[in-house]
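Engineer: Heads up, the sequence shown is in the numbering used here, so the first residue is 18 and it goes up one at a time.
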Amino acid sequence: MFLRHLTLENIRSIESLDIDFTPPEDSVDPVRRWTCILGENGIGKSTILRAIGLLLAGSETLPKVIDDPTRWLRLKAKTGRISAQIATQEGEVRDISLDFKAKDTLTAFLKRNEATLKPLDAALRHTARSYFTAGYGVSRRFPSPDGDKFQSSSVPPRAASIATLFRGDSCLRSIESWAMDLHYRKGSAGLSMIRQALNALLPEVKFHGIDKDNRQLLFNTADGRVPLALLSDGYQSIISWYGDLLFRITESFQDYKKPQEARGLLLLDEIDLHLHPKWQRRVIDHIRTTLPHFQFIATTHSPLTAQQCGEAELYVLKREEDKKHSVRLHHYEGSPDFLRIDQLLVSPIFGIETGMSLRIQAMREKPAALRTAYEEETLRSVPRPRVDQETEDEKVALLRELRASRPSRKAAVGPARKVGASAGPAGRSMSPARAGRPGPAAYIPPPVRPSGRDLISAAFKAK
Ligand SMILES: Nc1ncnc2c1ncn2[C@@H]1O[C@H](COP(=O)(O)OP(=O)(O)O)[C@@H](O)[C@H]1O
Ligand SMILES: [Mg+2]
Numbered sequence: 018m019f020l021r022h023l024t025l026e027n028i029r030s031i032e033s034l035d036i037d038f039t040p041p042e043d044s045v046d047p048v049r050r051w052t053c054i055l056g057e058n059g060i061g062k063s064t065i066l067r068a069i070g071l072l073l074a075g076s077e078t079l080p081k082v083i084d085d086p087t088r089w090l091r092l093k094a095k096t097g098r099i100s101a102q103i104a105t106q107e108g109e110v111r112d113i114s115l116d117f118k119a120k121d122t123l124t125a126f127l128k129r130n131e132a133t134l135k136p137l138d139a140a141l142r143h144t145a146r147s148y149f150t151a152g153y154g155v156s157r158r159f160p161s162p163d164g165d166k167f168q169s170s171s172v173p174p175r176a177a178s179i180a181t182l183f184r185g186d187s188c189l190r191s192i193e194s195w196a197m198d199l200h201y202r203k204g205s206a207g208l209s210m211i212r213q214a215l216n217a218l219l220p221e222v223k224f225h226g227i228d229k230d231n232r233q234l235l236f237n238t239a240d241g242r243v244p245l246a247l248l249s250d251g252y253q254s255i256i257s258w259y260g261d262l263l264f265r266i267t268e269s270f271q272d273y274k275k276p277q278e279a280r281g282l283l284l285l286d287e288i289d290l291h292l293h294p295k296w297q298r299r300v301i302d303h304i305r306t307t308l309p310h311f312q313f314i315a316t317t318h319s320p321l322t323a324q325q326c327g328e329a330e331l332y333v334l335k336r337e338e339d340k341k342h343s344v345r346l347h348h349y350e351g352s353p354d355f356l357r358i359d360q361l362l363v364s365p366i367f368g369i370e371t372g373m374s375l376r377i378q379a380m381r382e383k384p385a386a387l388r389t390a391y392e393e394e395t396l397r398s399v400p401r402p403r404v405d406q407e408t409e410d411e412k413v414a415l416l417r418e419l420r421a422s423r424p425s426r427k428a429a430v431g432p433a434r435k436v437g438a439s440a441g442p443a444g445r446s447m448s449p450a451r452a453g454r455p456g457p458a459a460y461i462p463p464p465v466r467p468s469g470r471d472l473i474s475a476a477f478k479a480k
């Protein structure tokens with residue numbers, strides 16, 4: 018099962034939001050495989066992932082994760098809704114939704130939503146693997162020695178597989194005890210699957226094997242052989258959720274040999290948590306390659322991660338500058354992976370004004386007559402914002418290229434130009450909207466010289 022469309026109305030910080038997951042026209046996939054949601058702290062990124070988790074939970078899991086339905090309603094709202102269109106394994110398209118009302122009890126909430134829950138429950142009873150969903154929140158961690166009630170056998174596997182999205186105190190399945198168990202039951206074949214899977218995902222650190230006496234996994238690192246518990250937080254964070262995911266795939270699909278062939282939906286909050294920028298750049302690529310049949314919905318704060326998104330894969334949550342400060346979702350229709358990191362940072366996606374530090378920016382913005390000798394001296398010694406100038410030059414070059422190659426205005430609504438085919442340097446952000454979707458079919462530069470920001474804005478479309 019994959020998500021084709023998601024709508025939220027009056028759910029926590031989000032008044033109204035719409036995300037389309039239908040794939041590009043030329044794609045053979047049933048949905049867009051990768052979606053990344055970027056946004057400042059406290060804007061609603063985790064809320065979106067949790068809402069998806071709720072919607073696909075089913076009535077056995079829902080009470081375990083929802084807590085109190087009224088807490089999901091936006092403050093002062095009387096009703097709210099999470100709805101989605103899903104595509105089943107057989108290619109059927111179904112609409113499902115959860116309706117919330119003020120003062121709802123859990124029983125009333127479950128009763129009202131029977132129309133969605135009953136068919137979903139029947140599908141989950143019949144073929145849970147076809148609805149495989151896993152979600153990882155920011156407090157993904159290994160179990161403490163005294164265990165975790167979300168991992169007890171009385172908790173439905175579906176609740177355990179999304180528990181960390183909802184509860185900071187829930188833990189993941191320990192990969193160490195699972196690996197021991199797999200080794201015991203399946204011998205070296207079980208361990209070899211774990212080795213292959215981890216080594217495909219982890220850069221620079223390699224899985225060595227298990228230390229049976231101490232019931233721990235050993236890894237070869239630049240510093241020598243160390244147990245999992247002594248790896249850095251970044252590695253532990255990624256191994257924790259990935260190990261849990263492998264465990265859940267093998268349990269659901271009853272196939273421990275090729276977990277990478279499984280299909281499903283994976284929700285990853287702050288995908289690059291604890292990762293060094295070098296690894297932030299690679300994490301999307303690694304996950305995409307390692308799990309080629311999954312649909313991923315991830316959140317991030319990181320420009321380096323956002324930069325790895327392809328055409329139309331990036332959404333940005335922003336607060337409006339109006340009185341209500343309402344949260345709005347913007348769809349970046351272009352290709353962030355065509356932008357340089359400095360372009361991305363100063364584009365409306367991040368809205369950072371400049372590549373300079375705040376202190377130097379303040380000095381530069383001060384009228385020269387008011388600057389102290391020290392400030393003048395400092396400004397002379399720091400590098401000039403050359404990159405920004407380069408960016409401007411590239412944008413001008415792009416504009417020239419666009420003007421030169423521009424068809425007549427009548428013909429401008431022709432077939433969309435293939436991204437990457439001939440876009441100029443900064444035009445990488447300007448992929449036209451896909452055929453069949455609303456939006457500018459081709460960007461026609463205005464007669465006056467636009468600023469770099471205008472160019473990038475053209476690909477930054479509010480939903
Ligand atoms: N019932 C509610 N009504 C309105 N806003 C809410 C409600 N519950 C939480 N919030 C707001 O939602 C935001 C939390 O959203 P969250 O998804 O955790 O953000 P993010 O993951 O982007 O940091 C906070 O700003 C919080 O104030
Ligand atoms: Mg969050």
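The beta-carbon is built from N, C-alpha and C at its ideal position, and this holds for glycine as well.
1. For S319, which three-state DSSP category applies?
2. Measure the C-alpha to C-alpha separation of P276 and E338 and round it to an integer number of angstroms.
3. When the Cα of K223 is compared with those of H348, D240, P174, C53, which residue comes out closest?
4. For K274, does the three-state DSSP call read helix, strand or coil?
5. Do A246 and I288 have their CB atoms nearer than 8 Å?
6. What's the call for E330, buried or exposed, on a 16-neighbour Cβ count within 10 Å?
7. Ignoring anything shorter than 3 residues, give me the beta strand (DSSP E) runs that lie fully in the segment 248 to 273, in order along the chain.
8. Hey, A94 and L23: beta-carbon distance below 8 Å or not?
9. Closer than 7 Å: is that where the CB of K62 sits relative to any heavy atom of ligand 2?
10. Would a C-beta distance cut-off of 8 Å place H200 and L189 closer than the cut-off?
11. Would you check whether ligand 2 has a heavy atom nearer than 7 Å to the C-beta of D289?
12. Check S194 in the structure and name its three-state DSSP category.
13. So, for L362: in the same chain, excluding its five sequence neighbours on each side, which residues have a beta-carbon less than 7 Å away from its beta-carbon?
14. Considering only residues of the same chain and omitting the five flanking positions on each side of N216, which have a CB-CB separation below 8 Å?
15. With H, G and I counted as helix, E and B as strand and the rest as coil, what does DSSP make of D286?
16. Report whether the distance from the Cβ of S33 to the nearest heavy atom of ligand 1 is below 7 Å.
17. Count the other CB atoms, across all protein chains shown, that sit within 10 Å of the CB of E328; report buried if there are 16 or more and exposed otherwise.
18. Can you give me the start and stop residues for the alpha helix (DSSP H) that S205 sits inside?
19. Between F183 and S269, is the Cβ-Cβ spacing less than 8 Å?
20. What does N237 pair with, by DSSP beta-bridge criteria?
21. Which value, in whole angstroms, describes the spacing of the CA atoms of R49 and A214?
22. Are the beta-carbon atoms belonging to R336 and V344 less than 8 Å from one another?
23. Could you tell me the alpha carbon to alpha carbon distance between D84 and V243, rounded to whole angstroms?
24. Roughly how many angstroms lie between the CA atoms of E193 and S257, to the nearest whole one?
25. For S448, count neighbouring C-beta atoms within 10 Å of its own C-beta (all shown protein chains included) and say buried if the count is 16 or more, exposed if not.
Structural biologist: According to the structure data:
1. Indexing the sequence shown from 1 puts residue 319 at position 302. DSSP places S319 in the coil class of the three-state scheme, outside both helix and strand.
2. Here residue 276 refers to the residue found at position 259 of the sequence shown. Here residue 338 refers to the residue found at position 321 of the sequence shown. Taking the straight line from one Cα to the other gives about 46 Å.
3. Residue mapping note: residue 223 aligns to position 206 of the sequence shown, counting from 1. For K223, the nearest C-alpha among the options comes from D240.
4. As a working note, residue 274 is residue 257 in the sequence shown. Here K274 sits in coil by DSSP.
5. Counting from 1 along the sequence shown, the entry for residue 246 is found at position 229. Counting from 1 along the sequence shown, the entry for residue 288 is found at position 271. Not in contact: A246 and I288 (Cβ atoms no closer than 8 Å).
6. In the sequence shown, the residue the question calls residue 330 occupies position 313. By the 10 Å Cβ count, E330 comes out buried.
7. Counting only runs of 3 or more, we get nothing.
8. Residue 94 sits at position 77 when you count from the first residue of the sequence shown. Residue 23 sits at position 6 when you count from the first residue of the sequence shown. Cβ atoms of A94 and L23: not closer than 8 Å.
9. On the sequence shown, position 45 is the one that residue 62 refers to. Yes, since a heavy atom of ligand 2 falls inside the 7 Å radius drawn around the Cβ of K62.
10. Here residue 200 corresponds to residue number 183 of the sequence shown, with the count starting at 1. Here residue 189 corresponds to residue number 172 of the sequence shown, with the count starting at 1. No, the pair does not count as a contact, with Cβ atoms beyond the cut-off.
11. Numbered from 1 along the sequence shown, position 272 holds the residue referred to as residue 289. No; taking the cut-off as 7 Å, the Cβ of D289 has no heavy atom of ligand 2 nearer than that.
12. The residue labelled residue 194 in the question sits at position 177 within the sequence shown. S194: helix per DSSP, three-state reduction.
13. Here residue 362 corresponds to residue number 345 of the sequence shown, with the count starting at 1. Answer for L362: P320, I369, G372, listed in chain order.
14. Translated into the one-based positions of the sequence shown, residue 216 becomes position 199. Closer than 8 Å at Cβ, skipping near neighbours: K223, F224.
15. Working through the sequence shown from its first residue, we reach residue 286 at position 269. The answer is coil: DSSP assigns D286 none of H, G, I, E or B.
16. Here the question's residue 33 lines up with position 16 in the sequence shown. No - ligand 1 has no heavy atom lying nearer than 7 Å to the Cβ of S33.
17. Here residue 328 refers to the residue found at position 311 when the sequence shown is read from its first residue. E328 comes out buried.
18. Locating residue 205 in the sequence shown gives position 188, counting from the first residue. Unbroken alpha helix (DSSP H) run through S205: 205 to 218.
19. Stepping through the sequence shown from its first residue, residue 183 is reached at position 166. Stepping through the sequence shown from its first residue, residue 269 is reached at position 252. Taking 8 Å as the Cβ cut-off, F183 and S269 do not qualify as a contacting pair.
20. Residue mapping note: residue 237 aligns to position 220 of the sequence shown, counting from 1. DSSP output for N237 lists K223, R242 as bridge partner(s).
21. Stepping through the sequence shown from its first residue, residue 49 is reached at position 32. Stepping through the sequence shown from its first residue, residue 214 is reached at position 197. Looking at the two C-alpha atoms, the distance is approximately 24 Å.
22. If you number the sequence shown from 1, residue 336 lands on position 319. If you number the sequence shown from 1, residue 344 lands on position 327. The answer is yes: Cβ separation under 8 Å.
23. For the purposes of this step, residue 84 is identified with residue 67 of the sequence shown, where counting begins at 1. For the purposes of this step, residue 243 is identified with residue 226 of the sequence shown, where counting begins at 1. Spanning the two alpha carbons is a distance of roughly 40 Å.
24. As a position in the sequence shown, residue 193 is number 176, starting the count at 1. As a position in the sequence shown, residue 257 is number 240, starting the count at 1. Roughly 10 Å separates the two Cα atoms.
25. Here residue 448 refers to the residue found at position 431 of the sequence shown. The pLDDT assigned to S448 is 33, lower than 50, so where the model puts this residue is not dependable; a value taken from the coordinates is nonetheless given after this. By the 10 Å Cβ count, S448 comes out buried.
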